[in-house]
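Trainee: Before I ask anything, let me first share the structure, which is written out below as structure tokens.
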Amino acid sequence: GQQVMQIPQYQHVQEGEDFTTYCNSSTTLSNIQWYKQRPGGHPVFLIQLVKSGEVKKQKRLTFQFGEAKKNSSLHITATQTTDVGTYFCAHGSSNTGKLIFGQGTTLQVKP
Amino acid sequence: DGGITQSPKYLFRKEGQNVTLSCEQNLNHDAMYWYRQDPGQGLRLIYYSQIVNDFQKGDIAEGYSVSREKKESFPLTVTSAQKNPTAFYLCASRTTGQGISYEQYFGPGTRLTVT
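In order, the protein sequence lines correspond to chains A and B.
The working numbering puts the first sequence at residues -2 to 108.
The working numbering puts the second sequence at residues -6 to 108.
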């Protein structure tokens, strides 16, 4: 079945540094979603990308969907301690809506 | 205030006992999902239901059972046949209306510990 691979697994940054997590698939994806899970919490939807080469921004977060629709990235500019958590990419099945999640990238931010 | 509720937040059981986790939503969503999350790992799909009285196995359904008798409710039973039941269980729901959004809304989760 379709799989999405996410790297890195962990990232420690100093507050104010940038952060990027990458999501890759061997097959073309019809869509990619990003979720954030705070420590001890549940995943919260951030954004969905569906178009080739799409770029969306939410304040300090920039989301990209590759031209071939096989990869995606989430970039955070000037991290803050509130950015701490695990970021997941996920692909939604067009038939069932079920999500296939990447393994997640856990971000730690040192103040 | 709309959302998804899961209860209890923490659950402790002895090995060999069946346990049922509750999931209720008042978002009027047709589709509901159960995921399992183990420490440091992503979410894996256990069961899902796109409509009342119908559900399908996900990737790791062995040792679990579900029912969908009402639109609002999708309880998950962890049976004694599940070999490693200790995990964080997350319920989610999604609208299947117009548009191509696959956004899922997650409940707060239940942490199950079996000893």
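Idealized CB from N, CA, C, for every residue including glycine.
Whole angstroms is fine: what's the gap from I44 (chain B)'s alpha carbon to Q34 (chain B)'s?
Mentor: 29 Å
Trainee: Would you mind giving the Cβ-Cβ distance between L96 (chain A) and F16 (chain A), rounded to the nearest angstrom? I have them listed as a contact below 8 Å.
Mentor: So it is not a contact: roughly 23 Å between Cβ atoms.
Trainee: Assuming Y57 (chain B) contacts L69 (chain B) under a Cβ cut-off of 8 Å, what Cβ separation, rounded to an integer in Å, is found between them?
Mentor: 6 Å
Trainee: What span of residues does the beta strand (DSSP E) with N19 (chain B) cover, start to end?
Mentor: No beta strand (DSSP E) contains N19 (chain B), which DSSP labels as neither H nor E.
Trainee: Three-state secondary structure (DSSP) at E108 (chain B)?
Mentor: Residue identity differs from the one stated: residue 108 (chain B) is Thr in this sequence, not Glu. Coil.
Trainee: Alpha carbon to alpha carbon, what distance is there between T79 (chain B) and I44 (chain A)?
Mentor: Approximately 30 Å between the Cα atoms of the pair.
Trainee: Less than 7 Å between CB atoms is the rule here; does H111 (chain A) satisfy it with respect to chain B?
Mentor: Here chain A comprises residues numbered -2 to 108, so residue 111 (chain A) is not present and cannot be evaluated.
Trainee: Looking only at C-alpha atoms, which of B:L105, B:S86, B:N77, B:K7 sits nearest to Y40 (chain B)?
Mentor: B:S86
Trainee: Evaluate V59 (chain B) with the Cβ neighbour count: other Cβ atoms within 10 Å of its Cβ, from every protein chain shown; 16 or more gives buried, anything less gives exposed.
Mentor: Within 10 angstroms of the beta-carbon of V59 (chain B) lie 16 or more other beta-carbons, which makes it buried.
Trainee: Can you tell me the Cα-Cα spacing of F85 (chain A) and L4 (chain B), whole angstroms?
Mentor: Using only the alpha carbons, I get a separation of about 26 Å.
Trainee: Just reading off the beta strand (DSSP E) that R61 (chain B) is part of, what are its end residues?
Mentor: Run containing R61 (chain B): none; DSSP gives neither H nor E here.
Trainee: Chain A partners of P101 (chain B), CB-CB under 9 Å?
Mentor: G38, H39
Trainee: So, is P32 (chain B) buried or exposed, given that buried needs 16 or more other C-beta atoms within 10 angstroms?
Mentor: exposed
Trainee: Checking 7 Å against the spacing of the C-beta atoms, do T74 (chain A) and P5 (chain A) come in under that value?
Mentor: no
Trainee: Does the Cβ-Cβ distance between T118 (chain A) and V106 (chain A) come in under 7 Å?
Mentor: This structure cannot settle anything about residue 118 (chain A), because the visible part of chain A is limited to -2 through 108.
Trainee: Got a sec: is the Cβ-Cβ distance from G89 (chain A) to anything in chain B below 7 Å?
Mentor: yes
Trainee: Return the chain-ordered list of same chain residues with a C-beta closer than 8 Å to the C-beta of Q75 (chain B), the five sequence neighbours on each side being excluded.
Mentor: E55, G56, Y57
Trainee: Taking its Cβ as the centre, do 16 or more other Cβ atoms sit within 10 Å of N46 (chain B), making it buried, or is it exposed?
Mentor: exposed
Trainee: Name the DSSP bridge partner or partners of S66 (chain B)?
Mentor: In the DSSP output, where bridge partners are listed per residue, S66 (chain B) has B:E17, B:K63.
Trainee: Would you call the CB atoms of T89 (chain B) and A24 (chain B) closer than 7 Å?
Mentor: Yes, they are a contact pair.
Trainee: Hey, is G35 (chain B)'s beta-carbon within less than 7 Å of any beta-carbon in chain A?
Mentor: yes
Trainee: Is there a Cβ of chain A sitting closer than 7 Å to that of L105 (chain B), yes or no?
Mentor: no
Trainee: Closest by CA to L26 (chain A), which one among A:G99, A:G94, A:G89, A:T93?
Mentor: Minimum Cα distance to L26 (chain A) is reached at A:G89.
Trainee: Could you tell me which chain A residues have their CB closer than 9 Å to the CB of W89 (chain B), listed as they occur along the chain?
Mentor: Here residue 89 (chain B) turns out to be Thr, not Trp, going by the sequence shown. Simply G94.
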